[in-house]
Each structure stands twice: as C-alpha cells, then as structure tokens.
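Asker:
Residue numbers (the working numbering): 150 to 630.
(1) If you reduce the DSSP assignment to three classes, tell me which class residue 379 lands in.
(2) Excluding the 5 residues flanking residue 214 on each side, which residues of the same chain have their C-beta closer than 7 Å to its C-beta?
(3) Which residues in the same chain have their Cβ closer than 7 Å to the Cβ of residue 434, if we skip the five residues on either side of it in sequence?
(4) Using CA atoms only, rank isn't needed, just tell me which of 614, 589, 573 is closest to residue 603.
(5) By how many angstroms is the C-alpha of residue 325 removed from the C-alpha of residue 181?
(6) Per DSSP, what are the beta-bridge partners of residue 477 in this structure?
(7) Tell me whether residue 500 sits in a helix, a strand or coil according to DSSP, three-state version.
(8) Pop quiz: residue 410 and residue 357 are said to be a contact at Cβ under 8 Å. What is the actual Cβ separation, rounded to whole angstroms?
(9) Measuring alpha carbon to alpha carbon, tell me which residue in 354, 236, 212 is nearest residue 223.
(10) Who are the near neighbours of residue 629 in its chain, counting only those whose CB is closer than 8 Å to its CB and skipping five residues on each side?
(11) Run through the DSSP bridge pairs and tell me what residue 602 is partnered with.
(12) Measuring alpha carbon to alpha carbon, tell me which residue in 220, 483, 398, 234 is nearest residue 209.
(13) Does DSSP put residue 587 in a helix, in a strand, or in coil?
(14) Hey, quick one: how far does the beta strand (DSSP E) through residue 405 stretch, first residue to last?
(15) Below 7 Å between beta carbons: does that hold for residue 507 and residue 581?
(16) What is the rounded straight-line gap between the Cα of residue 319 and the Cα of residue 625?
(17) For residue 529, which residues from the same chain have a beta carbon less than 6 Å from its beta carbon, with the 5 sequence-adjacent residues on both sides left out?
(18) Have a look at residue 425 and residue 443 and give me their C-alpha separation to the nearest angstrom.
(19) Can you look up residue 211 in the DSSP assignment and give me helix, strand or coil?
(20) Let me make sure I understand the geometry here. Which of 187, 267, 244 has the alpha-carbon closest to that of residue 554?
(21) Please work out which residues of its chain come closer than 6 Å, Cβ to Cβ, to residue 330, disregarding the five sequence neighbours upstream and downstream, and give them in chain order.
(22) Can you give me the start and stop residues for the alpha helix (DSSP H) that residue 225 sits inside?
(23) With distances taken from CA atoms, which of 341, 447, 285, 333 is nearest residue 298?
(24) Quick check: the Cα distance between residue 295 and residue 323, rounded to an integer number of angstroms?
(25) State the Cα-Cα distance for the pair residue 586 and residue 269, rounded to the nearest angstrom.
(26) I'd like the list of long-range same chain contacts for residue 406, defined as Cβ closer than 7 Å, with 5 residues on each side in sequence excluded.
(27) If we count the other Cβ atoms within 10 Å of its Cβ and call it buried at 16 or more, is residue 156 buried or exposed?
(28) According to DSSP, is residue 458 part of a helix, a strand, or is it coil?
(29) Roughly how many whole angstroms lie between the Cα atoms of residue 293 and residue 300?
(30) Between 313, 211, 193, 479, which lies nearest to residue 173 when the distance is taken from Cα to Cα?
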C-alpha cells in the first residue's frame, strides 16, 4: 500500500482517534506488503458509504473485507486485534459472499434472499457493505471475457441486489447497480441513452445552474435559507421512463432532471416549513396538480419522505419545460441517501450504546416483514420464489441490541435459555418492550426482552409445557434430573 493510499485510508478513520486507529493502519500496511494489495476496492466502497456516517467497527470491516473473505486474515486475527463487533460483520459478509446465484434455479435464488433476510435481521451493516462491494466489483465486469458470465452477473445485480437496495431505500447503490447491470444486459440501449444524456446534459447544464440559482434567490428574498441542488437522472431510470410512457427520446421526458430544496430540521420536529415553501412555489409558478405527491404524509414503503411537485414557468425566458421540484429537510435527505439504515447505522454510537438505537433496530426488524412481502409478491424474475423465513422464525433483541432468532411461538423462557443456562434457571420476571409480561407470553418480531433474575428462583415443571425450543426443554429437564 503506497503512501497516497495509506493517507486516504487514514482520512476515513482518523476521526475515531486513539491507539486503535494507529494499530489498524499498521496492520493494513503490514498485510498490504505481504499481499501486494492496494485497498482500492475498499476506498471505492467507502466513497459509496460516506453518507451513512458509519461506526468504527463498520469502517474497519470495509477495509478488512477482501483480506478476510480471501482468507488472508483469520477469525482469530480479527477477534484478537479488532474485537467481536468487527468480526461479526465480516463473518456475516463471508456467509453472504459464499452464496451461489443460479440463473434459472428458483431454490438457489430463494436461498440467496433467505440468507440476506437473516443477515439483515442480525446486522444490517454487513448487507450494506455487501451491496457496495457488489457495486464496486460490477465496475470491473467489462474485463470479464466470458460473455455468458457477464450477463449472469448483470442479471443477478438487476434482479436481486438492486431491488434489495431499492427496498432498503439506498438509492445511490441501487442506481449504480442498475446502470452497471443495464450496460451489459442491453449495451445498445445503454449507449444510446448515455449519448442522449451527454448531449442534453451539456445543453442543460447552464439551465440547471440558473434554475437552482433562481430558486435559491427566490427563497432568500423571503427569508428562507436552503440548499438547492439539481441532478440529472440515471441511465436506467430514464430508460424505464421511456418504456413506461412509450416515448422515443430522452428529450421527450420533462423530468430529465430534478431540483431539490433541502431545508434545516426544525428543533420541534415540525414539517410545517416544508409545506410553507411548497405554498410559496405554487403561488409563484403554476403547479401540475396531478403531478403533486406528498411522501411526508404518506411515506413510501421503504421510509422515503419528501414533497414532489412539478411547475411551469420557473425558467421563463430560457427554459420552457415543466420542472420537477423535491422539498425535504436534512434528515429526510439523509434517509433518502441511506434509506432504512439511516436510523441506526451511524458513527456516533455502536448498535448497543443507547436505548434509542435499540428502539430503531426493533422497528427495523418489524419492517423486515414488509420487505419480505415485497419480494414474496414478486419483483423482476424472482417472483413466486418462496422466501418466507417468518413463517417459522422470529427475531427478538436483548436490551443491548443483540439479535436472537427463535422459532415462532417462543416464550421468554426460550429466550433466557438461548442466552445462558443460568439466566433461564434464575428467571423470575420478564419485561418485553419495557412492560412486565407473563412467562408464557408469545414473543413477536422486534420485541426487546429483558430477563430479571433472582438468586432463589428455580425452574418450574410447568415450563416444559410452554417452551418451544429443544435447548430450553433439555436444560429444564437437566435441572430436575
């Protein structure tokens, strides 16, 4: 690893501080010397993952991912040098990487999705790294000589990984996966649209700059400070629009680009200022009422929130087409970049560091059932694939945020024995989501379970009739024998 690369790695991790960072850099330098690796893939993954504001364990896992999956470093190396948190992410990542995608084999595809869901429930960070890893490696697909393999990998990205990124709301990675896959699935169509985008993009660059400047000045004159950005839509996104609207050229699409207005977050959590800005825009320029979408009152299934409107006359004198405007606050914008993961994958704390993180993780696990429903009802060529992991399994959390998977119908005693025999044997009372519940309470996805013990507590014979797991039944019997 050369000095320039080392400096870039250091930039990503220096804010965590302490001797641990210096040790990590030294370790990478040592392994780079041994293997000749340059960590370019990891650096490209970090560029994609920057909006997530990743915790230290996740950043370390990104830079160790290739070394670990390739077997250059062992489980013992990771555990001893960087701890259980980093090892857990890498272990999940390696399991995901071992999955085989067989193009016309539904059961193989079902296993890919099933493993994804299991990993999502236990640690979403591994899935986020994996998706970014897939995207970075897709960039090198053009160098693959075997055309059949190129097409298979492209279809895999388009029909499994991009939909998962979309359903998680990670649009930056979803867009990259779709564009890279489309480039190999239909090269002629991709090249045609890319040429049109370059021609129109060049022609409209100054128009976009003027529109954003005009809109920002319009708001400033009314005492409103905001970030105003313009972006051209992706190759595959425009291709999809052309097909949907039965159009021939990109110039026929009015929302070839979109303008975003990003406002500060109100201290009291109010979103009234977003609707006020919407009102100001509608009072100044003519809105298309049938194009207005309120994703704040009714968010998309993946949690996306924003106000979308289309107006005419904004660029009067230099741009005579309707303009799409999206209005959101900074939190909504961050969530639009990072999706569902934005609620609990960030650098300020580990997953177990606060009750708010545990609450967010609990909500995430409950939301997995909706994601599962999305795939169960079909997307692309993975429809009718049986991936119902929730028909026989639930995921519950310890108060520190550790996820435990149990059979459907499990009770708190099952949970206690799943953690430790003594915890089950000394179980005296249980709290689920902060409320005291009976020992035969049926646990549900996302429940946060706290076992309260007493030194004098002992198992009861009647527990054998309510527990669902073999491990709990075995340990209760052992106590009495």
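Don't be surprised by glycine CBs; every beta carbon is placed ideally from N, CA and C.
Answerer: Checking against the coordinates, here is how it stands:
(1) On the chain shown, position 230 is the one that residue 379 refers to. Strand, per DSSP.
(2) The residue you call residue 214 lines up with position 65 of the chain shown. If we look at residue 214 and ignore the five residues flanking it on each side, its Cβ neighbours are 191, 239, 242, 278, 282.
(3) Indexing the chain shown from 1 puts residue 434 at position 285. Answer for residue 434: 460, 461, 462, 463, listed in chain order.
(4) Numbered from its first residue, the chain shown carries residue 603 at position 454. Closest option to residue 603, Cα to Cα, is 573.
(5) Position 32 of the chain shown, counting from 1, holds the residue named residue 181. Position 176 of the chain shown, counting from 1, holds the residue named residue 325. Roughly 28 Å between the two C-alpha positions.
(6) In the chain shown, residue 477 corresponds to position 328, counting from 1. According to DSSP, which records beta bridges pairwise, residue 477 is partnered with 411.
(7) The sequence position of residue 500 within the chain shown is 351, counting from 1. Residue confidence for residue 500 is low, a pLDDT of 43 falling below 50, so the modelled location carries little weight and cannot support an answer.
(8) As a working note, residue 410 is residue 261 in the chain shown. As a working note, residue 357 is residue 208 in the chain shown. Going by Cβ atoms, the distance from residue 410 to residue 357 rounds to 14 Å, so no, they are not a contact pair.
(9) In the chain shown, the residue the question calls residue 223 occupies position 74. Among 354, 236, 212, the Cα nearest to that of residue 223 is on 236.
(10) For the purposes of this step, residue 629 is taken as residue 480 along the chain shown, with counting starting at 1. Counting only Cβ-Cβ distances below 8 Å, and skipping sequence neighbours, we find 608, 610.
(11) What you label residue 602 is simply residue 453 of the chain shown in a count that begins at 1. Note: residue 602 sits in a beta bridge opposite 576.
(12) For this step, residue 209 is matched to residue 60 along the chain shown. For residue 209, the nearest C-alpha among the options comes from 234.
(13) Here residue 587 refers to the residue found at position 438 of the chain shown. DSSP places residue 587 in coil when its eight states are reduced to three.
(14) Reading the chain shown from its first residue, position 256 is the one you call residue 405. No beta strand (DSSP E) contains residue 405, which DSSP labels as neither H nor E.
(15) Counted from its first residue, the chain shown places residue 507 at position 358. Counted from its first residue, the chain shown places residue 581 at position 432. No, they are not a contact pair.
(16) As a working note, residue 319 is residue 170 in the chain shown. As a working note, residue 625 is residue 476 in the chain shown. So the alpha carbons of these two residues sit roughly 45 Å apart.
(17) For the purposes of this step, residue 529 is identified with residue 380 of the chain shown, where counting begins at 1. Caution applies to residue 529, whose pLDDT of 47 falls short of 50 and renders its modelled position unreliable; the value that the coordinates give is listed next. So the qualifying residues of the chain are 308.
(18) As a position in the chain shown, residue 425 is number 276, starting the count at 1. As a position in the chain shown, residue 443 is number 294, starting the count at 1. Rounded to whole angstroms, residue 425 to residue 443 spans 13 Å at the Cα level.
(19) As a first step, residue 211 is located in the chain shown; it is residue number 62 there, counting from the start. In the structure shown, residue 211 sits in a helix (DSSP, three-state: H, G or I).
(20) Taking the chain shown and counting its residues from 1, one reaches residue 554 at position 405. The candidate whose alpha carbon is nearest that of residue 554 is 267.
(21) Within the chain shown, numbered from 1, the residue matching residue 330 stands at position 181. Counting only Cβ-Cβ distances below 6 Å, and skipping sequence neighbours, we find 303, 306, 307.
(22) If you number the chain shown from 1, residue 225 lands on position 76. It spans 224-246 - the alpha helix (DSSP H) in which residue 225 sits, taken as one unbroken run.
(23) Taking the first residue of the chain shown as 1, we reach residue 298 at position 149. Of the listed residues, the one whose Cα sits closest to residue 298 is 333.
(24) Counting from one through the chain shown, the residue named residue 295 turns up at place 146. Counting from one through the chain shown, the residue named residue 323 turns up at place 174. Approximately 25 Å, taken between the alpha carbons.
(25) Along the chain shown, read from residue 1 onward, the residue named residue 586 stands at position 437. Along the chain shown, read from residue 1 onward, the residue named residue 269 stands at position 120. Looking at the two C-alpha atoms, the distance is approximately 28 Å.
(26) Residue 406 sits at position 257 when you count from the first residue of the chain shown. These residues qualify, in order along the chain: 353, 357, 379, 380, 381, 382.
(27) Within the chain shown, residue 156 is the residue found at index 7, counting from 1. The residue is exposed, with fewer than 16 neighbouring Cβ atoms inside 10 Å.
(28) Translated into the one-based positions of the chain shown, residue 458 becomes position 309. Of the three classes helix, strand and coil, the one that applies to residue 458 here is strand, per DSSP.
(29) Residue 293 sits at position 144 when you count from the first residue of the chain shown. Residue 300 sits at position 151 when you count from the first residue of the chain shown. Distance between the alpha carbons of residue 293 and residue 300: 10 Å.
(30) Counting from 1 along the chain shown, the entry for residue 173 is found at position 24. Here the closest residue by C-alpha is 211.
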